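**Q**
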Amino acid sequence: MNQYQQSNNKKGHLKFMIIAIVILVVLVVGAVIVINKVKNSNIVAEKATIEEYGYNIYSYDRNSDPVYYMHGYSCVKKTIENNGKEQIKYGYIKDDEKKVVVPCIYDDWSKIHGAHYVILKMGGKYGVVDMTNTVFVPFKYDEITVNVDNKSFDAKLGDTIDSIAWPDDFNEGAELNIEWAK
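Residues in the sequence shown are numbered from -9 upward in steps of one, following our numbering.
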């Protein structure tokens, strides 16, 4: 084989490799697009199921998470009209069942504490409910925080702080929000 044939042969192999790489990249990009469309269509279907009942998945920008989700629950919101003014009310759904477990009647929301409890605001006061909407701490406090050291909810009313012991099923290994709920 002469030098001219070797040079053409190398160019042919190089062209083949470039074409193969381009085809491979196109296939990978196509697969990623298809996977994302399938994922997004599932999210859209789930969101549509929830919105069918007038609820919207509540989005927020914390740590780049598109939807508040923790321990199998998502925060949802519903816009209602009260005395001619629109208000947003918050609640929670159990994701695997697509079922509202805490109705959208609360003025504010929080992260889920101890895997079962949320600090919520209603009528200008804070309280704590579990994921069956059973009130654990009554809605009479100005602020409530989770006190990891004392294993309690610290509930502030005026200048007084009540320390309310965590219930037995409180999972202290779960992610806790230790800032004042506001």
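Think of the CB as a built atom: it goes at the ideal place given N, C-alpha and C, for glycine as much as any other residue.
Computed from a prediction, not measured in an experiment: that's the story for all the values here.
Enumerated in chain order, which unbroken segments of the beta strand (DSSP E) with a length of 3 residues or greater are wholly contained in the region 104 to 156?
**A** 107 to 112, 115 to 120, 125 to 131, 133 to 137, 142 to 147, 150 to 155
**Q** Report, in whole angstroms, the separation of the C-beta atoms of Met122 and Val91, which I expect to be a contact under 8 Å.
**A** The amino acid occupying residue 122 in the given sequence is Thr; Met does not appear at that position. With 8 Å as the limit, Thr122 and Val91 qualify as a contact, their Cβ atoms being about 6 Å apart.
**Q** From this set, Tyr80, Lys89, Ile109, Gly74, which residue's C-alpha is nearest Lys68's C-alpha?
**A** Tyr80
**Q** Can you tell me whether Val118 is buried or exposed? The criterion is at least 16 other CB atoms within 10 Å of its CB, across all chains shown.
**A** buried
**Q** Identify the residues that DSSP records as bridge partners of Glu71: which are they?
**A** Glu76
**Q** Quick one: what does DSSP say Lys84 is sitting in, helix, strand or coil?
**A** strand
**Q** Tell me whether Lys5 sits in a helix, a strand or coil according to DSSP, three-state version.
**A** helix
**Q** If we count the other Cβ atoms within 10 Å of its Cβ and call it buried at 16 or more, is His103 buried or exposed?
**A** buried
**Q** Considering only C-alpha positions, which residue in the set Lys89, Glu87, Asn137, Gly2 is nearest to Ile109?
**A** Asn137
**Q** Measure from the alpha carbon of Ile70 to the alpha carbon of each residue in Val16, Tyr63, Ile78, then state which is nearest.
**A** Closest in alpha carbon position to Ile70, among Val16, Tyr63, Ile78, is Ile78.
**Q** Given a cut-off of 8 Å on the beta-carbon distance, is the pair Pro93 and Phe126 in contact?
**A** no
**Q** Starting from the C-beta of Ser142, find all residues in its chain whose C-beta is less than 7 Å away, skip the five residues before and the five after it, and write them out in chain order.
**A** Ser153, Ile154, Ala155, Trp156
**Q** Do you know how far the Cα of Trp99 is from the Cα of Gly148?
**A** 21 Å
**Q** Pull the bridge partners of Cys94 from the DSSP assignment, please.
**A** According to DSSP, which records beta bridges pairwise, Cys94 is partnered with nothing at all.
**Q** Select from Gly113, Glu87, Lys89 the residue whose C-alpha is nearest the C-alpha of Gly97.
**A** Reading off the sequence, residue 97 comes out as Asp, not Gly. If we check each option's Cα against that of Asp97, Gly113 comes out closest.
**Q** Only counting the same chain, and skipping five residues up and downstream in sequence, which positions put a Cβ closer than 8 Å to that of Lys115?
**A** Phe129, Lys130, Tyr131, Asp132
**Q** State buried or exposed for His3, treating a residue as buried only when at least 16 other CB atoms are found within 10 Å of its CB.
**A** The residue in question, His3, is exposed, as its Cβ has fewer than 16 Cβ neighbours within 10 Å.
**Q** What do you get for Ile95, buried or exposed, if any count of 16 or more other CB atoms within 10 angstroms of its CB means buried?
**A** exposed
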